[in-house]
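Residue numbers (my numbering): 35 to 379. Think of the CB as a built atom: it goes at the ideal place given N, C-alpha and C, for glycine as much as any other residue. Keep in mind that this is a model prediction, so the values were computed, not measured.
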Amino acid sequence: MRKLQLASLTLLFTLVGLTQARATGDSVTVLSYLDTIFIQNDSIFGKYFMHRVAPKQTLYSLCRFYGLKTTQLQELNPALKVRMIQVDELLKVPISAKLIRVTELPKNRASFTPVFYEVKPSEGLLNISRNYFGIKPEKLMKLNGMTSPELKLGQLLLLGWVPLDIFSKKVETPAIIVADKNVSASKANPTSTKTPPNISSTKAPITETSPKSTEKDKAIIKATITEAVAKVEKEEAKTNTPASNKEKFEVASTFLKRNNEQGAAFWHKELKGSKGLYVLHKSAAVGSIISITNPMFNTTIYAKVAGTIPANTYPDDIKVIVSPEVAAKLGAKDAKFFTRISYLK
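If you want it as structure tokens, here you go:
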């Protein structure tokens, strides 16, 4: 089972589907009409949404569905450069505003998934409609049944619909799965405690809209993914290098407590070839810089923390999971090797 949340409209696909407390999807049906896309906007990443990985979904099946290469998905989600994909994790998927059908409830509802945007602080209707998504304000008001352009913080705006066959060549209509009663609204939608309006019962007139995607749509998808990855790689080249990471660590060490430990490091040889100085650690803050030394060669590398080490996944003696590039720079030949670690907190 799975849940999906859509984040910003700057990128274009990362991966799963989620709707209130209802979950659908497997390794075949990655995204269905029961899912809701919540788009987010990032200054570097662009427009994207979050996919929650469901059981039986694999890196390959997700990439195939969303039209991504595995290296592109890893670039957009650095933790995948360090470890394998995991059930229930959230992955960024880039999406383009050009793919949204700005229309009222489609007649063929089972061929579409709705797209929402959550109003952030200081955002107005004009800024969201025109600057973010290229939609006329009056059209967005009509779509949401608004009589005033006034917006409230946290308000969910229906932007339109995305045809499911944009992502996959074949639209499959899954059976409705009973809601997971153990999942709260806030867990189903990590960025908002609100749930989308019941658009299935809206009084808006039904519109005849073809769900068929075109070659132009496919080209938009490919271009959006390429642009998103290029932006991330460019930012990575500037901000996540041995020299820049060392400088950040030294600056942060002047006002944060230094924690030292030693123990085993581990890297996944099956990920060999992926680029990036990333690690997973149990205690270090995500996004912070960590110092790792291989005493055998007296080599030290400064890397960015991409996430925490998943519980019950690795032996207790493993202190840090490192990316293949970190392992290579430390001179590690074996998958498991001894290290000395310093992190700031």
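If you look at T327, you'll find it in the beta strand (DSSP E) that goes I323 to N328. In this structure, I134 sits away from V153, with a CB-CB distance that is not shorter than 8 Å. Residue state for E295 is assigned as strand, using DSSP reduced to three classes. A distance of 8 Å or more separates the beta carbons of L93 and L110.
In the same chain as K173, and ignoring 5 residues on each side of it, the C-beta atoms closer than 7 Å to its own belong to V136, in chain order.
Take Q120, set aside five residues on each side of it, and the residues of its chain with a beta-carbon closer than 7 Å to its own are V87 and P344, in chain order. Distances from the alpha-carbon of V339 to those of K316, Y348, P358 and A361 put K316 closest. For the options L314, L160, R143 and A366, the alpha carbon positioned closest to that of G194 is the one of R143.
If you draw a 10 Å sphere on the C-beta of L160, you find fewer than 16 other C-beta atoms in it, and that means exposed. Bounds of the beta strand (DSSP E) holding K353 are I352 to V356. In terms of CA proximity to K303, K367 leads the group K367, I200 and S376. Separation of R292 and F283 (C-alpha to C-alpha, rounded to the nearest whole angstrom) is 10 Å. DSSP places R135 in the strand class (E or B) of the three-state scheme. Exclusion of the five residues before and after V263 leaves Q106 and E109 as the residues of its chain whose Cβ lies within less than 6 Å of its Cβ. The beta carbon of Y151 lies closer than 7 Å to those of I73, I162, L191 and L193 in the same chain, with the five residues before and after it left out.
By the Cβ criterion, the region 369–376 is in contact with the region 323–330, since at least three pairs of Cβ atoms, one from each stretch, lie closer than 8 Å. Inside the region 156–187, DSSP marks whole alpha helix (DSSP H) runs of 4 or more residues at positions 171–177, from first to last along the chain.
Of all alpha-carbon atoms in F300, L305, G341 and N332, the one lying nearest the alpha-carbon of A318 is that of G341. Just so you know, the alpha carbons of N332 and I71 end up roughly 48 Å apart. Per DSSP, reduced to three states, the secondary structure at T92 is coil, with no helix or strand assignment. Secondary structure at N111: coil, using DSSP grouped into helix, strand and coil. Residue state for S376 is assigned as strand, using DSSP reduced to three classes. With a 10 Å radius around the Cβ and a threshold of 16 neighbouring Cβ atoms, D69 comes out buried. Here K353 is near A299, since their CB atoms are less than 8 Å apart. The shortest C-alpha to C-alpha distance from T147 to any of A361, D199, L314 and E267 is the one to D199.
Bounds of the beta strand (DSSP E) holding K338 are T333 to G341. A direct Cα-Cα distance of roughly 12 Å separates M118 from L314. If you compare the alpha carbons of G168, W301 and G158 with that of K132, the shortest gap goes to G168.
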